[in-house]
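Report on the structure given below.
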Amino acid sequence: EDRSLGDIRSSLTPFKQAQLQVRDLARAAAPGETRDIQPAIDTLESLALPRARSLASLATELKKLAGDRLKAASLQLEASRESARLSLLMVTGLAIVIGGVIAVWLTRRIVSAVQGLLAGVQTVADGDLTGQKLSARSDDEVGDLVQGFNRMVESLRKVLSVSGTAAGEVAAASSEIATSAQQQLTS
Numbered sequence: 004e005d006r007s008l009g010d011i012r013s014s015l016t017p018f019k020q021a022q023l024q025v026r027d028l029a030r031a032a033a034p035g036e037t038r039d040i041q042p043a044i045d046t047l048e049s050l051a052l053p054r055a056r057s058l059a060s061l062a063t064e065l066k067k068l069a070g071d072r073l074k075a076a077s078l079q080l081e082a083s084r085e086s087a088r089l090s091l092l093m094v095t096g097l098a099i100v101i102g103g104v105i106a107v108w109l110t111r112r113i114v115s116a117v118q119g120l121l122a123g124v125q126t127v128a129d130g131d132l133t134g135q136k137l138s139a140r141s142d143d144e145v146g147d148l149v150q151g152f153n154r155m156v157e158s159l160r161k162v163l164s165v166s167g168t169a170a171g172e173v174a175a176a177s178s179e180i181a182t183s184a185q186q187q188l189t190s
């Protein structure tokens, strides 16, 4: 392309000179019926026309070369576009897979904690307060719920302990009252 462009540039000057010669010869011909423009025609045929044809040929060659380069650039652009599209699809797919793995992991983590809490609730509902404390493995809302459940079970144990002690004291007092009443009846 650069060579063709250079050839056109180098051919333009002689072509312009040939045109100027033809013009000058045509002007120099005497006006009127006897006007002899044959030298202008000869110069046109011998200098200007071959150079014009050469320029036209170079322009055609340059046009073809530019078309070839445009086609190659278009193919390269299409390949780059396809590559970018595939890269985007791969990154999107990878993001979906990573998001899915994270979602499954988080779901299992939360479900596991909630299932442990549910088992503890069922144990307490069955009246068994002797079970071990549940372990809070996270510092989120589920962990707070587990800690709250453990505090509730501990409070229930204390209430039952106090109730048991009070019931024992009531039973002892009741027994004393019964014994006293028995003694008063026999006396």
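For what it's worth, my numbering labels the leading residue of the sequence shown as 4, then goes sequentially.
Ideal placement from N, C-alpha and C gives every residue a C-beta, glycine not left out.
In summary, residue 46 is buried, with 16 or more beta-carbon neighbours lying within 10 Å of its beta-carbon over all protein chains present.
Per DSSP, residue 141 is not a residue of any alpha helix (DSSP H), being assigned neither H nor E. The Cβ neighbour count for residue 51, taken over all protein chains shown within 10 Å, is at least 16; the residue is labelled buried.
The continuous alpha helix (DSSP H) containing residue 80 extends over residues 52-128.
The DSSP-derived three-state label of residue 32 is coil. Within the same chain, 127 and 132 come within 8 Å of residue 159 by CB-CB distance, once the 5 residues on both sides are set aside. Cα atoms of residue 85 and residue 145: separation of roughly 47 Å, rounded to the nearest angstrom. For residue 40, there is no enclosing alpha helix (DSSP H), as DSSP marks it with neither H nor E.
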